[in-house]
Each structure stands twice: as structure tokens, then as C-alpha cells.
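Residue numbers (this note's numbering): 15 to 543. Notes follow once the structure below has been shown.
Shown next as C-alpha cells:
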């Protein structure tokens with residue numbers, strides 16, 4: 015068991031002993047406090063709910079709210095209405111009720127919810143009379159329910175924060191596009207609503223965290239969670255399967271170890287093959303659900319063979335049509351002096367334009383933008399930028415012996431693992447699949463010794479995968495860090511399906527204005543602006 019499991023178990027045992035001492039004050043047998051489950055049914059009865067209400071504590075995640083309400087109402091049923099005591103009744107229930115049971119002056123006043131229901135009924139009748147004196151009489155008769163305005167605000171704010179956190183954890187999350195890797199269809203500055211249920215709700219794994227924060231604490235910096243407070247991976251059934259070309263939000267698999275710098279995060283492969291120097295920067299290890307979020311398009315599905323030849327994607331040997339607005343890097347000759355303001359309507363910004371060390375003017379463009387530029391500047395030639403030097407060990411699986419000749423435009427072939435697929439292990443398949451086997455499939459004992467492969471100390475010659483994998487690529491094919499860099503995306507890293515753009519700012523900066531025409535745009539749509 016994890017340390018969190020021990021904390022929760024010991025806390026519940028301690029709470030049971032506290033209820034053992036408290037129940038006699040309410041006329042209940044002390045022994046009822048020691049019976050797991052039944053003691054919560056007794057608590058429900060004491061506060062004015064049906065005993066079966068305790069069964070709601072079995073509903074994962076929502077039981078946090080049920081437990082908090084029961085503990086606060088139990089304190090109120092003993093005449094304790096202080097805000098601080100209510101907080102303690104939830105976060106330190108075993109200590110608080112143990113302390114309360116030892117105070118002789120504390121008496122059980124009856125089910126507080128029955129009293130509260132009577133108060134609200136009488137108040138409603140008094141308010142209908144329109145006589146202020148009658149309303150004040152009701153308030154005076156139930157003075158325990160009177161609270162200063164700031165406490166009402168504080169309680170409402172706490173509830174709103176945690177309700178929003180539960181919605182974010184279990185239903186829908188907002189996500190902003192920070193990079194141009196999907197440019198042309200999902201642009202920098204687009205705010206997306208992402209459904210967590212379409213591809214199967216992945217139940218939360220990390221429990222102790224700052225509400226509404228992902229992996230970095232706002233303002234103060236640092237990680238926003240406590241590692242080690244983990245639940246096992248669980249996923250509910252999917253509403254729909256991931257289809258080819260679906261945009262998908264996922265936790266980047268390479269993000270289990272990350273070097274954090276202002277404006278960009280780097281992964282171990284950046285250090286080994288990308289030239290990043292992590293001097294004086296500590297590596298941060300993250301659990302699966304706290305790794306960075308990426309949004310890419312599912313190009314290859316489980317069990318398929320993917321290959322790229324001269325920018326053309328082939329699946330199982332057959333060419334597949336690219337989504338609309340796919341972008342590549344082009345050389346412009348002569349290069350324009352500046353970016354025209356009206357070009358922004360075509361989706362061209364200053365960030366798309368640059369100059370190489372060789373003095374070439376280059377720009378990321380889709381076919382529609384190329385046609386418009388040629389019409390506006392007929393003297394300009396636009397030719398594809400050679401990417402032959404953009405591969406080697408920098409690309410997944412970072413192996414010079416078997417995969418060293420690959421580039422971003424000529425990649426593969428690679429077979430994408432699928433649940434139940436068996437591969438024969440040799441030096442080449444080991445290079446391609448070792449990270450999936452060892453890390454994603456949680457086989458830390460998997461190892462290559464000499465020319466033999468071992469799992470749990472036993473020699474093996476093949477391996478059968480336990481989950482599905484996907485091949486994700488950005489629509490901005492020459493400006494996307496995707497599966498060509500860090501490999502397969504395991505099923506257990508899939509977060510959700512983008513639904514629509516609910517807000518959009520130009521080039522990711524509010525001072526540049528709002529893309530009103532993109533608000534409400536389907537995130538599944540390709541083509542158009």
C-alpha cells in the first residue's frame with residue numbers, strides 16, 4: 015500500500031474510535047462507532063439523513079463532498095457552528111471529534127438538518143407576509159444559522175473551487191494551444207474545451223494537488239502536487255474510439271522526466287540528441303497524469319505500419335490523404351521585406367517567418383497560403399525546404415544503427431504496438447520498443463544483457479503488448495515535436511477529445527486582438543480559418 019492509503023486507513027480507524035466516544039452523547043451505543051460502514055450510517059441518521067446516505071461514500075471522488083458534508087453536519091448537530099471548527103471536522107475529523115467527545119458541556123441537539131428544514135419553511139412563510147418583523151422573529155428563533163456576509167462568501171468560494179475542480183477532473187477541461195504545431199487547424203491562442211469522457215474517462219491518479227492547477231503552481235512556481243499520493247490507473251469505457259486524423263489531447267510520454275526552464279520544458283532526449291545543456295537545472299520526475307499536455311492528430315492507429323516517403327504518409331503501404339491546411343517549411347526567393355498586416359487573415363504571422371544561417375528566407379505555409387502569396391507576389395518562388403539534415407539519432411528511436419537515416423520527411427517504416435500484438439525480440443525491435451516495454455508497460459526488470467533479453471529474471475524471446483498505442487503528429491509538419499521525436503503514445507496517456515474553440519486570441523497575445531471568427535469553431539474541423 016502507498017503512504018496515502020496508510021494515512022487514510024489509519025485516519026478512518028482513529029475516526030472510528032472518536033465516534034466510539036462521541037455516540038453515547040447522542041444516545042447511540044458506543045460499539046456502533048467501531049463497525050466500519052455502519053458507523054457512517056449512524057452519523058447520517060444523527061444529522062438528519064437516511065442511513066442509506068452513507069452508501070454514497072462508496073462513489074469515488076464524489077465521496078469527498080459527501081464525507082465533508084456529513085462531518086460538518088455532525089459538528090453542527092452538537093451545537094458547533096464556528097467556521098474553523100467546521101474546517102477541522104473535515105481535514106482532521108478524527109482529532110476534532112475525539113476532542114469534542116471529551117468536552118462535558120457538549121450536548122447533542124438533535125439532527126441539525128431537521129432543524130434547518132424547519133427554519134427554512136418558517137422563513138419562507140414569514141417572507142410571504144412581507145412583514146419585516148415576522149422575518150426578524152424567525153431569524154431570532156434560529157440564530158445559529160445567522161452568519162456574517164464574509165463567511166457566506168468564503169463558503170461559496172470554497173464550494174465553487176472544489177466543484178469546478180471536480181468538473182475539470184471528471185468531465186471537461188479547458189486547454190490553450192501554446193505552440194504552432196497544429197497551426198492551420200488549431201492555432202496558437204485557441205482556447206479549447208476538451209471532453210474527458212469521449213475516449214474513456216481516465217480516473218484521477220494524483221490526489222494531493224492545488225485545485226484547478228495542472229503541474230505547476232501558479233504565481234509561486236514549483237510543482238502543484240505531492241508525488242506519491244497516487245491511485246492506480248483506471249479508465250471507464252469509451253463513448254467512441256479514436257479515429258484516424260482525430261485531434262487528441264494526451265500527456266506527453268517523454269514527460270516523465272523534465273527539465274523546466276522559462277518558456278519551454280526539455281526532456282532527456284533533448285539532452286542526449288538535441289544539444290540542450292541542463293547545467294544547474296534539476297530534472298523533475300512526474301506521474302503519468304501530471305505530465306505536460308500536448309494536442310496532436312492521430313495519424314497511425316494500433317497495429318498499423320506507418321511510413322513517410324517524401325512527406326507523404328503511408329499506412330500499411332497505402333498513401334493517406336493529409337488533413338486540410340497541413341503546413342511545411344518553404345524557402346521564399348526573394349524573401350518579403352516584412353509581413354503584411356492583411357496576411358494575418360490568411361493565418362500568416364511573424365512567427366511563421368525567419369531566416370536560416372545560410373541566409374535563406376523561410377516560412378511555414380499550407381497550400382492555400384502558397385497560392386495566395388504567389389498571387390500577391392508573382393515574382394517570388396516558393397520551394398520546399400530540404401529536411402535531409404533533420405533526422406538521424408535526433409528522431410525516435412534515437413538509434414543510429416537501424417534508424418539513423420530517417421528524416422522528418424522520410425521516416426520508418428515502424429509498426430505501432432497494439433494490445434495483444436507479439437513482437438520477436440532482436441536488436442532492432444529492442445531499439446524500437448524497449449521504452450514501451452520497460453516504461454509504459456511498467457516492466458522495470460526488462461533488460462538486454464549481451465544478446466539476450468530478460469523479464470523478471472527469465473530469458474524471453476518475444477513480448478506481447480498489454481495496451482494500445484498511437485502515432486501522433488502535428489499539422490505543422492516541420493514545426494512539431496511529435497511521435498517522430500519521442501515515439502508512441504500509450505493508451506493510458508490519452509486524456510480527451512477537443513470539442514470546440516471557446517475563445518481565441520491572435521498569435522497567443524490578447525494585445526493583438528481576438529479572433530472572433532474562431533470562437534465556437536469545432537476542434538474536429540479541418541480547413542478554413
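Think of the CB as a built atom: it goes at the ideal place given N, C-alpha and C, for glycine as much as any other residue.
- At a Cβ-Cβ threshold of 8 Å, residue 186 and residue 210 count as neighbours.
- Counting other Cβ atoms within 10 Å of its Cβ, residue 346 reaches 16 or more and is therefore classed as buried.
- Around residue 429, the same chain offers 319 as residues with beta carbons nearer than 6 Å, after the five sequence neighbours per side are excluded.
- Sequence-distant partners of residue 136 (beyond 5 residues in either direction) whose C-beta falls short of 6 Å from its own C-beta, in its chain, are 152.
- Using a Cβ distance threshold of 8 Å, residue 493 and residue 195 count as a contacting pair.
- Following the DSSP letters along the chain, one finds residue 383 in no beta strand (DSSP E) but inside the alpha helix (DSSP H) bounded by residues 381-390.
- In this structure, the beta-carbon distance from residue 197 to residue 375 does not fall below 8 Å.
- With contacts defined by Cβ atoms closer than 8 Å, residue 491 and residue 422 form a contacting pair.
- DSSP, reduced to helix, strand and coil, places residue 165 within a helical segment of the structure shown.
- A distance below 8 Å separates the beta carbons of residue 425 and residue 321.
- Ranked by how close their Cα comes to the Cα of residue 399, the residues 184, 324, 306, 96 have 324 in first place.
- Judged by DSSP secondary structure, residue 52 falls within the alpha helix (DSSP H) whose first and last residues are 52-61.
- Shown here for residue 231: same chain residues with a beta carbon closer than 8 Å to its own, the five before and five after excluded, namely 224, 237, 238 in chain order.
- The distance from the Cβ of residue 112 to that of residue 44 is about 13 Å, inconsistent with a contact at the 8 Å cut-off.
- Three or more beta-carbon pairs separated by less than 8 Å link the stretch 118-125 to the stretch 77-96, which places the two stretches in contact.
- In the structure shown, residue 395 adopts extended strand secondary structure according to DSSP, grouped into three states.
- For residue 367, DSSP records a beta bridge to 377.
- In the structure shown, residue 255 falls within a coil segment according to DSSP collapsed to helix, strand and coil.
- The beta-bridge partner set that DSSP reports for residue 485 consists of 314.
- Taking residue 336 as reference, the option from 330, 380, 81 with the minimal CA-CA separation is 380.
- For residue 28, the closest C-alpha among the options 446, 156, 109 is that of 109.
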